[in-house]
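Throughout, the working numbering is defined as the position within the sequence shown, counted from one, plus 715.
Cβ coordinates follow ideal geometry from the N, Cα and C atoms, glycine included.
To start, the structure under review is shown below, and the notes come after it.
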Amino acid sequence: MQQLEVEVWGHPPIPIHQTLTAIKNGGIVVGAFEGEKLVGVSYSFPGYKKGKVHLTSHILGISKNVREKGIGEALKWEQRKIAIERGYDMMLWTYDPLETRNGYLNLTKLHTICDTYIENCYGEMQDGLNKGLPSDRFEVNWHLTSKYVEKKHAIDLTKASIVAPYKMNDLNFPVLAEVNSQLLLEEDVYLLPVPQSFQQLKATDPKLALDWRLKTRSLIQMLFSNGYAAVRLEKGKDVHYYQFIKRELIELT
């Protein structure tokens, strides 16, 4: 597990005494193997929020040479199965909202929901994926035994309005329009464009990457404060779209 952490994130791994202590006290580690080689891992530990115990999923890492094979999704469903057996009904974790691969897995495939945006969650991080930008995060909620997760409860997202338009620049990267802080949010569903490959954009144009971070931060916080939750990420041609819906329309019980 430590070797895989170094491969995926390039920073010192979690100490063994920490993972062992967490596992002995309600935590869960799930591994995916190719033969005897560990190629994927999820690690979680108990958390406590608003008077209730939940499972905090801390890392999900897949070896570079076996990505895009559904291993991450399989690990999460197995993690959910074990969590329910242990008595958990809620799992929380964070991810960068501009990392659309994670957004597609977490929201579209696993049916988590998100209505919490954390600015610079981990401070200034120095690993290759996060260096140079505020470490803003979505905190997603996985209602493990809900109708929304178990029955893949359908939400009508056909009548959606775009919260902010974009245009393509000379380098064929999307540029988001200026944020309208006085936007009247009256529709049930809104779409927010985000770059398809944020890491490629950041490597080519760090200034534009920061622009996306700050503009989407403002718009998402506006949506959340007005009672919307992020529920899906849909893939598009030039950009992908987050879908936000009024929270009371989501069937969670």
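Fully enclosed alpha helix (DSSP H) runs of no fewer than 4 residues occupy 815–818 of the segment 791–818, in order along the chain.
Annotation: the segment 892–922 contains the following complete segments of the alpha helix (DSSP H) (minimum length 4 residues), in chain order: 913–919.
In this structure, Thr-809 places its C-beta atom within 8 Å of the C-beta atom of Ile-833. Scanning Gly-762, Leu-925, Pro-728 for the CA closest to the CA of Ala-737 turns up Gly-762. Pairing Ile-777 with Val-745 gives a Cβ-Cβ distance that is not under 8 Å. If you draw a 10 Å sphere on the C-beta of Ile-743, you find 16 or more other C-beta atoms in it, and that means buried. Leu-925 is positioned such that its CB atom lies closer than 8 Å to that of Leu-848. Ile-965 sits in coil when the DSSP states are folded into three classes, being neither helix nor strand. Just so you know, the alpha carbons of His-726 and Leu-719 end up roughly 11 Å apart. Here DSSP, grouped into helix, strand and coil, assigns Ser-850 to coil.
In this structure, DSSP gives Thr-831 an extended state, which the three-state scheme calls strand. Its chain contains Phe-888, Pro-910, Leu-923, Ala-924 as the residues whose beta carbon lies nearer than 7 Å to that of Leu-916, once the 5 sequence neighbours on both sides are disregarded; these appear in chain order. Between Ser-772 and the set Val-781, Asn-780, Ser-757, the nearest pair of CA atoms involves Ser-757.
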